[in-house]
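Below is one structure; the comments refer to it alone.
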Amino acid sequence: MARQVRHAEAPGQDSFLDIVANLVGILIILIMVIGMQAKTAMVSAKPQPGANQTDAAQPDGPDEPAEDASSIDVAGPKSAADAIQADINGIEAKLKEQEFEVEYRRRERNNIHLVMATVEQRLAELRAGLNDSQRDQLDLQTAIAAAEQQLRTLADAKRALETTAATPKVIEHLPTPMAKTVFGKEYHFRLANGRLTYVPMDELVERLKSEAPDKLWKLKDSAQLTETIGPLDGFWLKYTLVRSDYAQPTRTGTAVQTRVELDHFTLVPVSDDLGEPFAVAMQPGSRFRGMLDGLDPKRATVTIWVYPDSFNEFRELKRTLFDRGFLTAGRPMPADMPIGGSPDGSRSAAQ
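This note's numbering puts the first residue of the sequence shown at 1, with every later residue one more than the last.
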C-alpha cells in the first residue's frame with residue numbers, strides 16, 4: 001500500500017520538480033548571457049592593436065546577428081558604482097572617527113570619576129579622623145568654597161550678558177493732539193543745515209500788499225510781472241503778478257474786464273548760514289529763546305519750515321515748544337526748495 005501511495009503522489013512531485021528545474025535553467029542561461037555581454041562590452045571598449053587586420057583576414061561568411069557593443073554604456077554604471085563605493089568609504093571613515101572620539105571621551109569621563117571618587121574617599125577618611133568641632137569647620141569651609149564658586153559663575157554670566165545684550169533704544173513719545181488749522185498770529189522759523197532762523201513772512205507779505213498796487217501799470221503791455229521786495233531779516237520776497245482778461249456780456253455789448261492776481265511768491269535767503277546753530281538757539285539768551293519769551297503760548301502758533309537735513313533737530317525743537325505750551329506746525333520741505341506761498345496754498349495745521 002505504501003508503494004501505491006508513492007506512485008500516486010509522483011506525478012505532482014515531478015511537475016513541481018520540473019518547474020524548479022526550468023527556473024534554475026533559465027536563471028543559469030540569463031547569468032551566462034549577461035556575463036557574455038559584459039565580457040564582449042569590455043573587450044570592445046578596449047580594442048587591441050591589429051584588430052582591423054584580423055577582421056580583414058577573416059573569410060566572409062553568412063551574416064550573423066551581433067549586438068552593437070558601443071550601445072552598451074559600461075562607463076556610466078562603473079563611475080556610479082565607484083562614487084557609491086567612495087561615499088561608503090567616507091561614511092565608514094567618519095564612523096570610525098566618531099567611535100574613536102566617543103571612546104576617548106568615555107575614558108576621560110571614567111578617569112575624572114575615578115579621581116573624584118578617590119578624593120571623596122580620602123576626604124571621608126580625613127573627616128572621620130576629626131572631632132565634631134573640626135568636622136563642623138570643614139563642612140563650613142566646603143560650603144563657603146561652593147558658594148564662592150557659584151558666585152564666580154554668576155559673575156561671569158552677568159558680564160557675558162552685559163557685553164552681548166544690545167542697548168535698548170528709548171523711543172520718546174510726545175502727546176499729539178488733534179491738528180487744527182491756524183488762523184491766529186503765526187510765527188515762522190526756518191530749520192535747515194542745522195541752523196534755526198526767524199522768517200519774516202508776515203512782514204514781507206504786508207509789504208507786498210502795500211507795494212504791489214504801485215506796480216500794476218507795468219502789466220499794461222505784459223501779462224505777467226515779477227518783482228522783488230527786501231531784503232528783510234535776511235530774506236528777499238520774490239513775487240509774480242498775472243493779468244487776466246475776461247469777456248463780460250452787457251446790455252450794450254461785450255465788455256473786456258481785466259483782473260490782476262497774485263500767482264505765487266517765494267522767500268529767498270540771502271545766504272545759507274542764516275540764523276543760529278541749533279545748539280546755540282536752544283540755549284538761554286539766544287535770539288530764538290528771546291523771541292519765545294516775548295510770545296504768549298495761548299495766542300501764538302510756531303510754524304517750522306524744516307528741511308531733510310534737520311529732521312532730528314526738529315524733534316528736539318518740537319519737544320521744547322511742547323514743554324513751553326506752544327502749538328507747533330511742521331512744514332517738511334524738499335531739499336533746495338524755497339519757502340513760498342500762493343492764493344491756492346494751504347494754511348498751517350498746528351498741534
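Think of the CB as a built atom: it goes at the ideal place given N, C-alpha and C, for glycine as much as any other residue.
All values reported here derive from a predicted model rather than from experimental measurement.
His188 counts as buried, since at least 16 other C-beta atoms from the protein chains shown sit within 10 angstroms of its C-beta. Its Cα nearest to that of Thr328, the residue Pro297 stands out among Phe311, Pro77 and Pro297. Taking all protein chains in view, the Cβ of Ile304 is crowded by 16 or more other Cβ atoms within 10 Å, so the residue is classified as buried. Per DSSP, reduced to three states, the secondary structure at Asp214 is helical. Taking C-beta atoms under 8 angstroms as the contact rule, Phe278 and Glu313 qualify, at a distance of about 5 angstroms.
Under the three-state reduction of DSSP, Gly90 is assigned to helix. Per the DSSP secondary-structure output, Phe235 pairs in a beta bridge with Leu232 and Pro269.
The Cβ neighbour count for Pro249, taken over all protein chains shown within 10 Å, is under 16; the residue is labelled exposed.
Comparing alpha carbon positions, the residue from Val306, Asp272, Glu316 and Val268 closest to Gln283 is Glu316. Lys96 carries a helical assignment under DSSP once its states are collapsed to helix, strand and coil. Judged by DSSP secondary structure, Arg251 falls outside any beta strand (DSSP E); it is assigned neither H nor E.
The criterion of a C-beta distance shorter than 8 angstroms is satisfied by Val306 and Met333. Under the three-state reduction of DSSP, Leu126 is assigned to helix. Under DSSP, Ile304 takes part in a beta bridge, and its partners are Phe189 and Gly330.
Ala281 and Gly341 have their alpha carbons spaced roughly 26 angstroms apart. Bounds of any alpha helix (DSSP H) do not take in Arg324, whose DSSP letter is neither H nor E.
Across the structure, Phe265 and Ser286 are spaced so that their CA atoms are roughly 30 angstroms apart. If you look at Leu196, you'll find it in the beta strand (DSSP E) that goes Arg195 to Val199. In the three-state reduction of the DSSP assignment, Gly290 falls in the helix class. Taking all protein chains shown into account, Val270 has fewer than 16 neighbouring C-beta atoms within 10 Å of its C-beta and is therefore exposed. The straight-line gap separating the alpha-carbon atoms of Thr226 and Asp323 is approximately 42 angstroms. In this structure, the beta-carbon distance from Val260 to Leu204 does not fall below 8 angstroms.
Rounded to the nearest whole angstrom, the C-alpha separation of Gly294 and Lys318 is 18 angstroms. If you look at Ala279, you'll find it in the alpha helix (DSSP H) that goes Phe278 to Ala281. In the three-state reduction of the DSSP assignment, Leu140 falls in the helix class, which pools H, G and I. Rounded to whole angstroms, the Cβ separation of Leu237 and Gly230 is 5 angstroms, and the two are in contact under 8 angstroms. Taking the C-beta atoms as reference points, Arg299 is found nearer than 8 angstroms to Lys185. DSSP, read as helix, strand or coil, puts Gly76 in helix. Less than 8 angstroms divides the Cβ of Gly234 from the Cβ of Leu274. Counting the other CB atoms within 10 Å of its CB gives Ile26 a total below 16, which places it among the exposed residues. For the 8 angstroms CB-CB criterion, Arg243 and Thr228 do not form a contact. Looking at Arg190, Thr118, Ile112 and Asp82, the one whose alpha-carbon comes closest to that of Asp272 is Arg190. For the 8 angstroms CB-CB criterion, Leu262 and Ile339 do not form a contact.
Bridge partners of Leu225 according to DSSP: Leu241. When DSSP states are grouped into helix, strand and coil, Arg105 belongs to the helix group. Checking the DSSP bridge columns, you'll see Ile339 partnered with Leu267.
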